[in-house]
Amino acid sequence: MTSRLAAALLVGGAAFLPTVVPPGPDTDDRTVPIERETRGIVRQVVPYDGRTARTDGGRVTVVLDTDVLFEFDRADLTPGAAAALDTIGADLADRATGEVTVVGHTDALGADDYNLDLSRRRAETVRAVLEPAAEGAVTFAVSGRGEAEPVAANAAPDGSDDPEGRRRNRRVELEFTVVED
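The UniProt record's numbering applies: residue 1 is where the sequence shown begins, and numbers increase by one.
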């Protein structure tokens, strides 16, 4: 699987139990068998274009890779960002309720104050696109954390630069509640 894969969720009722098919010649190698049901949420790994969705009960966290949305050191969207955000905006309009938190993060390159400001501007840019698409279904709270909450090491164990770790730290996270069917 590539780093562009992410978990998308399939909401299933308590009566839904997936059939696990053993790997075979016709099995897509990007499919992960579902081994258990967790709180009524069935998870399956599928391609999701640089975005990750995690669920915890009715709460959903979507992690947007900022390399998909923004050029390095910028807060204006790339031409390809619209498709990624359009899908999420439609999901918010159809299934979300309450408040959507939008939190920007950066890697550790640059000054702390600069990174904090950049993370806020990126989160605000994402909010500005998603808010009209959500059609008033939710409210938004925006913040930036700069480099304060890394999900990966910015440096390798020997102290050298870790570009992959820094890439993973450059992200915008959305968290919201989905309406139960």
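Glycine is no exception: its CB is placed at the ideal position from the N, C-alpha and C atoms.
Q: Would you give the residue range spanned by the alpha helix (DSSP H) that L109 belongs to?
A: Against the sequence shown, residue 109 aligns to sequence position 109. Looking at the DSSP string, L109 is not in any alpha helix (DSSP H), and its letter there is neither H nor E.
Q: State buried or exposed for R30, treating a residue as buried only when at least 16 other CB atoms are found within 10 Å of its CB.
A: Here residue 30 refers to the residue found at position 30 when the sequence shown is read from its first residue. At R30 the pLDDT is 41, less than 50, meaning the model places this residue with poor confidence; the figure from the coordinates comes in the next sentence. The residue is exposed, with fewer than 16 neighbouring Cβ atoms inside 10 Å.
Q | Short Cβ contact (7 Å threshold) for F140 with E147 | A | Within the sequence shown, numbered from 1, the residue matching residue 140 stands at position 140. Within the sequence shown, numbered from 1, the residue matching residue 147 stands at position 147. Not a contact, by the Cβ cut-off of 7 Å.
Q: Please classify D94: does DSSP put it in a helix, a strand, or coil?
A: Numbered from 1 along the sequence shown, position 94 holds the residue referred to as residue 94. Three-state result, D94: helix.
Q. Do the CB positions of V100 and A123 come within less than 7 Å of each other?
A. Working through the sequence shown from its first residue, we reach residue 100 at position 100. Working through the sequence shown from its first residue, we reach residue 123 at position 123. Taking 7 Å as the Cβ cut-off, V100 and A123 do not qualify as a contacting pair.
**Q.** Within 7 Å, strictly: CB atoms of R171 and H105
**A.** Taking the sequence shown and counting its residues from 1, one reaches residue 171 at position 171. Taking the sequence shown and counting its residues from 1, one reaches residue 105 at position 105. Going by C-beta atoms, R171 is nearer than 7 Å to H105.
Q.
Can you tell me whether G89 is helix, strand or coil according to DSSP?
A. In the sequence shown, counting from the first residue as 1, residue 89 sits at position 89. Three-state DSSP puts G89 in a helix.
Q) If you draw a straight line from the C-alpha of F70 to the C-alpha of R127, how long is it? A) As a working note, residue 70 is residue 70 in the sequence shown. As a working note, residue 127 is residue 127 in the sequence shown. Cα to Cα, the separation comes out at about 14 Å.
Q: Could you give the DSSP three-state label for S3: helix, strand or coil?
A: One-based indexing of the sequence shown puts residue 3 at position 3. Because S3 sits at a pLDDT of 29, beneath the cut-off of 50, its placement in the model cannot be relied upon, and the following sentence gives the value as read from the coordinates. In this structure, S3 counts as coil in the three-state DSSP scheme.
**Q.** Range covered by the beta strand (DSSP E) that runs through T139
**A.** Numbered from its first residue, the sequence shown carries residue 139 at position 139. It spans T139 to G144 - the beta strand (DSSP E) in which T139 sits, taken as one unbroken run.
**Q.** CB of T125 within 7 Å of CB of A75, strictly
**A.** Here the question's residue 125 lines up with position 125 in the sequence shown. Here the question's residue 75 lines up with position 75 in the sequence shown. Result yes, Cβ atoms of T125 and A75 sit closer than 7 Å.
Q: Taking only the alpha-carbon atoms, compute the straight-line gap between R121 and R168 and give it to the nearest angstrom.
A: The sequence position of residue 121 within the sequence shown is 121, counting from 1. The sequence position of residue 168 within the sequence shown is 168, counting from 1. Spanning the two alpha carbons is a distance of roughly 18 Å.
Q: Please work out which residues of its chain come closer than 7 Å, Cβ to Cβ, to A156, disregarding the five sequence neighbours upstream and downstream, and give them in chain order.
A: Within the sequence shown, the letter at position 156 stands for residue 156. Cβ neighbours of A156 beyond the five flanking positions: D162.
Q.
Tell me which residues share the same chain as A108 and place their Cβ nearer than 6 Å to its Cβ, disregarding the 5 neighbours each side in the sequence.
A. Position 108 of the sequence shown holds residue 108. Result list for A108: E147 and N154, in chain order.
Q: Pick helix, strand or coil for residue 182, following the three-state DSSP scheme.
A: Outside the shown range of the chain, which is 1 to 181, sits residue 182, and nothing can be said about it.
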